[in-house]
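Engineer: Residue numbers (this note's numbering): -4 to 164.
Don't be surprised by glycine CBs; every beta carbon is placed ideally from N, CA and C.
(1) For residue 70, which beta-bridge partners are listed by DSSP?
(2) Taking just the CA atoms, how far does residue 67 sit from residue 82?
(3) Can you tell me the Cβ-Cβ gap for residue 54 and residue 38, rounded? I've got them flagged as a contact below 8 Å.
(4) Whole-angstrom Cβ separation of residue 73 and residue 91, contact assumed at under 8 Å?
(5) Identify whether residue 156 lies in helix, strand or coil by the three-state DSSP scheme.
(6) Quick check on residue 131: does DSSP put it in helix, strand or coil?
(7) According to the neighbour-count rule (16 or more other Cβ atoms, all chains shown, within 10 Å of its Cβ), is residue 139 buried or exposed?
(8) Going by DSSP, what residues sit across from residue 162 in a beta bridge?
(9) Less than 8 Å between the C-beta atoms of residue 59 and residue 113, yes or no?
(10) Note down, in chain order, each residue of its chain lying with its Cβ closer than 7 Å to the Cβ of residue 106, except the 5 sequence neighbours on either side.
(11) What residue from 98, 75 and 158 has the CA that sits closest to residue 122's CA?
(12) Please say whether residue 84 and residue 118 have beta carbons closer to each other than 8 Å?
(13) State the beta-bridge partners of residue 122 as determined by DSSP.
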């Protein structure tokens, strides 16, 4: 075989391998982009609701996970002042509830949209207490949160329902 032809065929093979890798990478990005958009919309709604109540939140402190059965959990870490950690905790749950309601409305509007609806929400609040901060965490189910956000129960009843899940570290 002519050395020039051999070099051209090798160049074409390398070029085709590169094109295939780029195509596969683009395909993978397209597959996961819907999930990333849903997470982004969920996080953005949580942040917007916290901001409305003047509670600082950061997407770095938000975590959306799935188990092997597909059930999702959402966790959020917030900081409070010394005396208002209960309010900050409730606002964290309200923010998650607003995001769940937003995801459900998007699912009704957009055909084929996979909404981010966590089955359980975990809120952790860092409370400054001297040298070492106190950490208060609680968990609530989707139904408990939606009952409060939609006004079927008030915040006092909501706190009674989740009281067994509240932990202080």
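Structural biologist: In brief:
(1) Sequence index remark: in the chain shown, residue 70 carries index 75 (1-based). Beta-bridge pairing links residue 70 to 58 and 117.
(2) On the chain shown, position 87 is the one that residue 82 refers to. On the chain shown, position 72 is the one that residue 67 refers to. So the two alpha carbons sit approximately 25 Å from each other.
(3) If you number the chain shown from 1, residue 54 lands on position 59. If you number the chain shown from 1, residue 38 lands on position 43. Rounded, the Cβ-Cβ distance is 5 Å, consistent with contact.
(4) Here residue 73 is taken as the residue at index 78 of the chain shown, counted from 1. Here residue 91 is taken as the residue at index 96 of the chain shown, counted from 1. In fact, because the Cβ distance is near 11 Å, the residues do not count as touching under 8 Å.
(5) Your numbering for residue 156 matches position 161 in the chain shown. Correct three-state label for residue 156: helix.
(6) Residue 131 sits at position 136 when you count from the first residue of the chain shown. If DSSP states are grouped into helix, strand and coil, residue 131 belongs with the strands.
(7) The residue you call residue 139 lines up with position 144 of the chain shown. Residue 139 counts as buried, since no fewer than 16 other beta carbons sit within 10 angstroms of its beta carbon.
(8) Counting from one through the chain shown, the residue named residue 162 turns up at place 167. Per DSSP, 132.
(9) Within the chain shown, residue 59 is the residue found at index 64, counting from 1. Within the chain shown, residue 113 is the residue found at index 118, counting from 1. Cβ atoms of residue 59 and residue 113: closer than 8 Å.
(10) For the purposes of this step, residue 106 is taken as residue 111 along the chain shown, with counting starting at 1. If we look at residue 106 and ignore the five residues flanking it on each side, it has no Cβ neighbours.
(11) Counted from its first residue, the chain shown places residue 122 at position 127. Of the candidates 98, 75 and 158, the one whose C-alpha sits nearest the C-alpha of residue 122 is 75.
(12) Indexing the chain shown from 1 puts residue 118 at position 123. Indexing the chain shown from 1 puts residue 84 at position 89. Against a cut-off of 8 Å, the Cβ pair of residue 84 and residue 118 comes out as a contact.
(13) Taking the first residue of the chain shown as 1, we reach residue 122 at position 127. DSSP lists 129 as partners of residue 122.
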